[in-house]
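4 is the number of the first residue of the sequence shown in our numbering; add one for each residue after it. In what follows, a structure is listed as structure tokens, so that the remarks can point back to it.
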Amino acid sequence: MPDARKTRPVSWIKAALGEFRRFPTEAQKVCLAALTVAAEGGKADIAKPLHGLGSGILEIALPFAGDAYRVIYALQLGDDLWVIHAFQKKSTQGAKSPKREMDLVKDRVKRLKELLR
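Next up, the structure:
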């Protein structure tokens, strides 16, 4: 009998889920597919490590219909894959996420670590 796939549960910070639900439906589908790959132990082509927050924090970077959408998730916080933040990137210059968004991610990661102790 082949080994059953070990898929991790995907948990959402409530605010991140609300933000994600404002994405266009097709953008949501692409991001959910990338999160499924991560939950199954892989890494989607549109996911990359998010630097400056430690290992295990990744960013799904999706260009979609002339806009840019980001979903930040954590692999190494508890047993679940945690979606920390989702936002539409407004800046038209460069790939770097805005400081205010990164500050929000840092705060949410800190609070989630404290909650999961």
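By construction, the Cβ of each residue, glycine as well, lies at the ideal position given by its N, Cα and C atoms. In this text the structure is predicted, and so the values were computed from the model without any measurement.
1. Do the stretch 19-26 and the stretch 77-93 make contact, defined as three or more Cβ pairs closer than 8 Å?
2. Quick one: residues in its chain with C-beta nearer than 6 Å to the C-beta of P12, no 5 flanking neighbours on either side, listed in chain order?
3. Would you mind giving the Cβ-Cβ distance between F67 and P27, rounded to the nearest angstrom? I have them listed as a contact below 8 Å.
4. Nearest by alpha-carbon distance to S100: which of L61, L118, R25 and E43 is it?
5. Secondary structure at L119, three-state DSSP: helix, strand or coil?
6. Report the option in L115, A36, M105 and G44 whose CA atom is closest to the CA atom of H54.
7. Using the beta-carbon count (16 or more within 10 Å), is L119 buried or exposed?
On the basis of the supplied data:
1. yes
2. Within the sequence shown, residue 12 is the residue found at index 9, counting from 1. Here the set comprises D83.
3. Counted from its first residue, the sequence shown places residue 67 at position 64. Counted from its first residue, the sequence shown places residue 27 at position 24. Confirmed, about 7 Å.
4. Working through the sequence shown from its first residue, we reach residue 100 at position 97. Cα-wise, what sits closest to S100 is L61.
5. By one-based count along the sequence shown, residue 119 stands at place 116. Three-state DSSP puts L119 in coil, outside helix and strand.
6. Taking the sequence shown and counting its residues from 1, one reaches residue 54 at position 51. Closest option to H54, Cα to Cα, is M105.
7. Within the sequence shown, numbered from 1, the residue matching residue 119 stands at position 116. Counting Cβ neighbours within 10 Å, L119 comes out exposed, since fewer than 16 surround it.
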